[in-house]
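Student: Sharing a structure here in structure tokens format.
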Amino acid sequence: MSKRLPSNEDFARGKEVSIKLNGNLKVAYLGESVATVLLAEGITAMRTTIQGQARGVFCGMGVCFDCLVVVNGLPNTRACMTWVKEGMDIRTQDGLTPSK
Ligand code: FES
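The C-terminal position of the sequence shown is numbered 106 in this note's numbering, with every residue numbered one higher than the one before it.
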């Protein structure tokens, strides 16, 4: 279940788009970052380090590189700096590869 706030007359979302998140079809909205989508879906650990330690959004502004995910097959993509797009394939990351 999405953790997004409900929209109302004072708050409108962008156009609805379909994405894949760890192989599952999900709804996202244009204007959201990939990090927003992951957090809305309850995923706070976006990657694990090579040593197996969980990492997620820390700075939220592209500096710490803790939010790295695999987007459309490209590893080490900063989730907080990437805008969601129709058909995007997002995977959490284990070390340097997509999560299994
Ligand atoms: S949360 Fe720090 S780079 Fe994305």
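Idealized CB from N, CA, C, for every residue including glycine. If you're wondering where the values come from, they're calculated on a predicted model, not measured in any experiment.
By a C-beta neighbour count over all protein chains shown, 10 Å radius and 16 as the cutoff for buried, is MET67 buried or exposed?
Tutor: Here residue 67 is taken as the residue at index 61 of the sequence shown, counted from 1. Answer is exposed; the Cβ neighbour count stays below 16.
Student: Relative to the alpha-carbon of VAL90, which residue among LEU102, ALA34, LYS9 has its alpha-carbon at the smallest distance?
Tutor: The residue given as residue 90 occupies position 84 in the sequence shown. Among LEU102, ALA34, LYS9, the Cα nearest to that of VAL90 belongs to ALA34.
Student: Short of 8 Å in beta carbon distance, which residues of its chain neighbour SER39, apart from the five on each side in sequence? Order them along the chain.
Tutor: Indexing the sequence shown from 1 puts residue 39 at position 33. Contacts found: ALA85, CYS86, MET87, THR88, TRP89, VAL90.
Student: Pick helix, strand or coil for ALA60, following the three-state DSSP scheme.
Tutor: Within the sequence shown, residue 60 is the residue found at index 54, counting from 1. In the structure shown, ALA60 sits in a strand (DSSP, three-state: E or B).
Student: Taking the beta carbon of GLU15 as the centre, do at least 16 other beta carbons fall within 10 Å, making it buried, or is it exposed?
Tutor: The sequence position of residue 15 within the sequence shown is 9, counting from 1. GLU15 should be labelled exposed.
Student: Going by beta carbon distance, what residues of the same chain come within less than 7 Å of ALA60, once the five residues before and after it are set aside?
Tutor: Counting from 1 along the sequence shown, the entry for residue 60 is found at position 54. So the list reads ALA51, THR54, once near-sequence residues are dropped.
Student: Suppose you measure from the CA of LEU44 to the CA of LYS21; what does that come to, to the nearest Å?
Tutor: Reading the sequence shown from its first residue, position 38 is the one you call residue 44. Reading the sequence shown from its first residue, position 15 is the one you call residue 21. Near 18 Å, if we compare the C-alpha coordinates of LYS21 and LEU44.
Student: Based on the DSSP secondary-structure assignment, which residues constitute the bridge partners of ILE25?
Tutor: For this step, residue 25 is matched to residue 19 along the sequence shown. Partner(s): LYS32.
Student: In the structure shown, what three-state DSSP assignment does THR83 receive?
Tutor: Translated into positions along the sequence shown, residue 83 becomes position 77. Correct three-state label for THR83: strand.
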